[in-house]
Amino acid sequence: MNVLARIMIWTGGTALIAAAGLNLLSVIGRHTGLPLKGAIELVQVGVLVAGTLALVSATLARNHARVHLVLDRLKPGGAHLVERLSLLLTMAFYAVLLCGSAWLASDLWGSQEVSELLGVPWRWLRMFLNAGLVVVLVLLARQLVERKR
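Each residue of the sequence shown is one higher than the one before, counting from 13 in this note's numbering.
Next up, the structure:
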């Protein structure tokens with residue numbers, strides 16, 4: 013595993029643990045009468061960072077969840093074709109996600125949209141997600157080309 017992959021895993025893991033910790037403190041705070049203001053907003057940030065980095069890491073390592081019920085029963089040529097089709101469909105799915113997210117980002121870019129309690133600027137988080145989706149698409153395209161050999 014290279015250094016960049018380790019950094020992504022540790023950053024995403026730290027964000028996810030921080031989100032879980034904030035959520036725990038928020039629940040304890042609500043039950044003790046000391047609510048943690050803006051905890052949901054910060055949990056959303058942590059989950060977005062962790063999720064985006066997890067998508068990129070899984071794509072880089074080719075570790076997305078896969079079901080082999082049909083694939084294992086096909087002949088090698090058919091299996092190769094189905095794997096390529098799977099990559100194309102995965103790329104289409106992420107491309108649609110990117111288009112929708114980019115559309116939202118462009119519509120709301122000038123609105124200075126921020127979270128209600130803490131003022132977290134959502135535009136930069138949308139850009140982070142969109143950049144992650146672009147990286148995923150590039151990695152999948154590279155995998156599609158590499159499979160031709």
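Where a beta carbon is used, it is the ideal one built from N, C-alpha and C, also for glycine.
Please go through the same chain and pick out, in chain order, the residues whose beta-carbon is closer than 7 Å to the beta-carbon of residue i, but skip the five residues on each side of it.
i	result
V147	V68
V57	V132 and L137
G41	P47 and L48
G63	none
I29	none
R161	Because R161 carries a pLDDT of 48, less than 50, the predicted location of this residue cannot be relied on, and no value is offered for it.
Quick check on residue i: does DSSP put it in helix, strand or coil?
i	result
P47	coil
V79	coil
R161	For R161, the predicted structure reports a pLDDT of 48, less than 50, and the residue's modelled location is therefore unreliable. The matter cannot be settled from this model.
V126	strand
R3	Residue 3 falls outside the range modelled here, since the chain spans only 13 to 161, and no answer is possible.
R42	helix
Roughly how many angstroms lie between the CA atoms of residue i and residue j, to the nearest whole one?
i	j	result
A114	L60	15 Å
L83	A91	6 Å
G33	T26	10 Å
A31	T71	23 Å
V150	R18	20 Å
G122	L99	35 Å
A73	A104	20 Å
V55	F140	16 Å
G89	V157	17 Å
R96	R85	16 Å
V15	T44	43 Å
Given residue i, which residues of its chain have a CB within under 8 Å of its CB, disregarding the five upstream and five downstream residues?
i	result
T23	V61 and L65
L109	L145
Touching by the beta-carbon criterion (3+ pairs, under 8 Å), the segment 49-56 and the segment 120-139 = Yes: the two stretches touch, three or more of their Cβ pairs being nearer than 8 Å.
What are the complete alpha helix (DSSP H) segments, minimum 4 residues, inside the segment 85-149?
-> The segment 85-149 contains these whole alpha helix (DSSP H) runs: 88-120.
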